[in-house]
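J.: Each residue of the sequence shown is one higher than the one before, counting from 3 in the UniProt record's numbering.
We put the CB at the ideal spot given by N, CA and C, even for glycine.
Have a look at this one.
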Amino acid sequence: YQKIGLIGAMNEEIELLLADMQHNQRSDRAGITFYEGNFHGKEVVLCRSGVGKVNAAVTTQILIDAYGVDCILFTGVAGALHPELNIGDIVVSTSCMQHDMDVSALGFARGVIPYQEQSEFLAAPDLVEKAEAACQRLFDGRYRLGKVLSGDQFVASRELVRELHESMNGICTEMEGAAVAQVCNMNGTPFVVIRSMSDRADGSAHVNFGEFTVQAAKHSYQIIDDVLSHI
Ligand code: ADE
Numbered sequence: 003y004q005k006i007g008l009i010g011a012m013n014e015e016i017e018l019l020l021a022d023m024q025h026n027q028r029s030d031r032a033g034i035t036f037y038e039g040n041f042h043g044k045e046v047v048l049c050r051s052g053v054g055k056v057n058a059a060v061t062t063q064i065l066i067d068a069y070g071v072d073c074i075l076f077t078g079v080a081g082a083l084h085p086e087l088n089i090g091d092i093v094v095s096t097s098c099m100q101h102d103m104d105v106s107a108l109g110f111a112r113g114v115i116p117y118q119e120q121s122e123f124l125a126a127p128d129l130v131e132k133a134e135a136a137c138q139r140l141f142d143g144r145y146r147l148g149k150v151l152s153g154d155q156f157v158a159s160r161e162l163v164r165e166l167h168e169s170m171n172g173i174c175t176e177m178e179g180a181a182v183a184q185v186c187n188m189n190g191t192p193f194v195v196i197r198s199m200s201d202r203a204d205g206s207a208h209v210n211f212g213e214f215t216v217q218a219a220k221h222s223y224q225i226i227d228d229v230l231s232h233i
């Protein structure tokens, strides 16, 4: 890859990368700041998308069109859906889907985008492989590969966790990944989402999110750092 796009939704999710990278240019588009520079000798463009699918989608399209990135890595925190994931553990996306795309009234399964070939967007196998290798080096056993579910909703209920895990097979939930994935798919751009668990998306999620986001964001950063040095 010649030029790598790096996205986080919140300050906590990009600040460690920003501190580490040599950036020689910053510019604004659609109210988003893009930092162009170098990381482990690789050309990168780092940005904070803001929270939610619309912010993530717009940011992704700008990275592709205006900055010419040829792959995208998303870094950040998520709520765990898989019962064996602990706070701090890493998830590497094999695919992403929107859990709040719901046209079930017309007979479509939850998450299915009507009248469209694809609703589950596959991450690039080579990027997944590199992220997994990084997890093996740094997080021995404390990681999982699987489907990331995104929606414009902070999930904080055991019932919804069970539903998202059992009926949609998601292993973690967050608010941007599937939007990045869909826009990347529309443009033929490879992507992977790397998330560390800040909470279990249950009744304690709001407290855990406050307590563990900084630590979890650091774990996700460590994986990105390792991936960028092997990419
Ligand atoms: N990001 C971190 N925790 C989350 C949750 N429980 N729901 C949605 N996004 C999250």
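DSSP on residue 223, reduced to helix/strand/coil?
T.: In the structure shown, residue 223 falls within a helical segment according to DSSP collapsed to helix, strand and coil.
J.: Can you grab the Cα-Cα spacing for the pair residue 230 / residue 51, in whole Å?
T.: 20 Å
J.: Roughly how many whole angstroms lie between the Cα atoms of residue 94 and residue 39?
T.: 25 Å
J.: Give the C-beta separation of residue 2 and residue 115 to the nearest angstrom, bearing in mind that I take them to be a contact with Cβ-Cβ under 8 Å.
T.: This structure gives no information on residue 2, because the portion of the chain shown stretches from 3 to 233.
J.: First and last residue of the alpha helix (DSSP H) that includes residue 16?
T.: 13-22
J.: Are the CB atoms of residue 65 and residue 7 within a distance shorter than 7 Å?
T.: yes
J.: Can you give the Cα-Cα distance for residue 117 and residue 24, rounded to whole angstroms?
T.: 44 Å
J.: In three-state DSSP terms, what is residue 206?
T.: Coil.
J.: Note down the Cα distance separating residue 77 from residue 160, rounded to an integer number of angstroms.
T.: Between the alpha carbons of residue 77 and residue 160 lies a distance of about 25 Å.
J.: Residue range of the beta strand (DSSP E) that residue 131 falls in?
T.: No beta strand (DSSP E) holds residue 131; the alpha helix (DSSP H) holding it covers 127-140.
J.: Which stretch, first to last residue, makes up the alpha helix (DSSP H) that contains residue 63?
T.: 55-67
J.: Taking residue 149 as the reference, give the member of 34, 130 and 104 with the closest Cα.
T.: 130
J.: Would you tell me roughly how many angstroms separate the C-alpha atoms of residue 134 and residue 119, rounded to the nearest one?
T.: Spanning the two alpha carbons is a distance of roughly 28 Å.
J.: Taking 6 Å as the cut-off, is the beta-carbon of residue 81 closer than that to any non-hydrogen atom of the ligand ADE?
T.: yes
J.: Apart from the five residues on each side of it in sequence, which residues of its chain come closer than 8 Å, Cβ to Cβ, to residue 96?
T.: 124, 125, 130, 147, 148 and 149.
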